Amino acid sequence: MQILLIRHGESEADILNVHEGRADFELTEKGRQQVQRLVQKVKADFPPDFIWASTLKRARETGETLAEAIGCPIQLEEELMEFNNGVQAGLSFEEAKKYPEPKFLHDRFENGESFIEFRMRIEGIFSKIVTENTYDRIAIVAHGGVINSLLRAFFQMPISMDYYFKIGDTGISLIEIDGEQKTVHFINDTNHLGGM
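Heads up: the sequence shown begins at -4 in my numbering, then just goes up one per residue.
Structural data, given as structure tokens:
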């Protein structure tokens, strides 16, 4: 089974320069143009048979646009929402300084979740998707933090290993699971944007 991990296009939070996380920002016009280029690339090179997408607007629109263009089913899944950064969601980086970030992995952001809870949530939904899948190729359309957690789970990295995978707007990663064998075809392909 091949799994495309796709990040949404540019969102309003990117140009407002604010913390995004659970804040539900829409795609910008540039983000929609990025998604159109993504659609062309995915449809031509590796169209999925089924799409799972986060329910947050920026990922949902990206996923629905892709599903409509390819003509495949899509399932929206709340468990694929971005990290719940609580009170920091939607705040400017300066405003967010009023709310201290957790010191330990098990500490929660105020009104949010801890890094451990986030990793467990993402590993849980990834396990469900992989276990229930009956398709040859699927896509998961989500967020940078979610894709990072999915890749860490795929590589079986302990949560204490704070590696970061840079995933750009509409970045595509392709991994494969065949029984016990795991393959990484590529991570964060954004060539379809052509410097956009």
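Ideal Cβ placement from N, Cα and C applies to all residues, glycine included. Small disclaimer: the values here were computed from a predicted structure and weren't measured.
Continuous beta strand (DSSP E) stretch holding residue i: start and end
{"i": "I(-2)", "result": "Q(-3) to R2"}
{"i": "T185", "result": "That residue, T185, is in no beta strand (DSSP E); it is neither H nor E in DSSP."}
{"i": "F45", "result": "F45 to S49"}
{"i": "E89", "result": "Note, E89: premise wrong, no beta strand (DSSP E); alpha helix (DSSP H) at F88 to A91."}
Identity of the residue in the options nearest residue i by Cα
{"i": "D164", "options": "S6, D19, M(-4) and L51", "result": "S6"}
{"i": "Q29", "options": "H3, V13 and H101", "result": "H3"}
{"i": "S144", "options": "N106, K161 and F181", "result": "K161"}
{"i": "D184", "options": "I120, D40, E21 and A64", "result": "D40"}
{"i": "I69", "options": "V136, I167, G85 and G189", "result": "V136"}
{"i": "L188", "options": "G26, D131, G140 and I120", "result": "G26"}
{"i": "K130", "options": "E171, E21 and E73", "result": "A small correction: the amino acid at residue 130 is Tyr; Lys does not occupy that position in the sequence shown. The residue with the shortest Cα to Cα distance from Y130 is E171."}
{"i": "L146", "options": "N128, I117, E127 and D173", "result": "I117"}
{"i": "G139", "options": "K123, E96 and Y159", "result": "Y159"}
Separation of residue j from residue i, as counted between CA atoms
{"i": "A18", "j": "N79", "result": "9 angstroms"}
{"i": "F149", "j": "G58", "result": "22 angstroms"}
{"i": "A91", "j": "S155", "result": "24 angstroms"}
{"i": "F121", "j": "E175", "result": "16 angstroms"}
{"i": "M(-4)", "j": "I133", "result": "8 angstroms"}
{"i": "V34", "j": "Q151", "result": "30 angstroms"}
{"i": "F99", "j": "I111", "result": "9 angstroms"}
{"i": "S87", "j": "P153", "result": "31 angstroms"}
{"i": "N186", "j": "M115", "result": "32 angstroms"}
{"i": "R53", "j": "T126", "result": "26 angstroms"}
Element boundaries [alpha helix (DSSP H), containing residue i]
{"i": "N143", "result": "G139 to F149"}
{"i": "E171", "result": "Looking at the DSSP string, E171 is not in any alpha helix (DSSP H); the run it does join, the beta strand (DSSP E), is I167 to D173."}
{"i": "E7", "result": "E7 to L11"}
{"i": "I65", "result": "K52 to I65"}
Own chain residues within Cβ distance below 6 angstroms of residue i, not counting five before or after
{"i": "E15", "result": "A8"}
{"i": "A62", "result": "I46 and I69"}
{"i": "E72", "result": "W47"}
{"i": "G107", "result": "N79, N80 and G81"}
Presumed contact (8 angstroms Cβ cut-off) between residue i and residue j, rounded CB distance
{"i": "E77", "j": "L51", "result": "6 angstroms"}
{"i": "L75", "j": "S109", "result": "Contact flag wrong, Cβ pair sits at about 18 angstroms."}
Cut-off 7 angstroms between Cβ atoms - residues of its own chain near residue i, not counting five sequence neighbours on either side
{"i": "Y94", "result": "V82, Q83 and E105"}
Chain-order list of residues whose beta-carbon lies under 8 angstroms from that of residue i (same chain, five-residue window excluded)
{"i": "L(-1)", "result": "V37, F41, P43, R132, I133, A134, I135, I167, S168 and L169"}
{"i": "N128", "result": "M(-4) and F45"}
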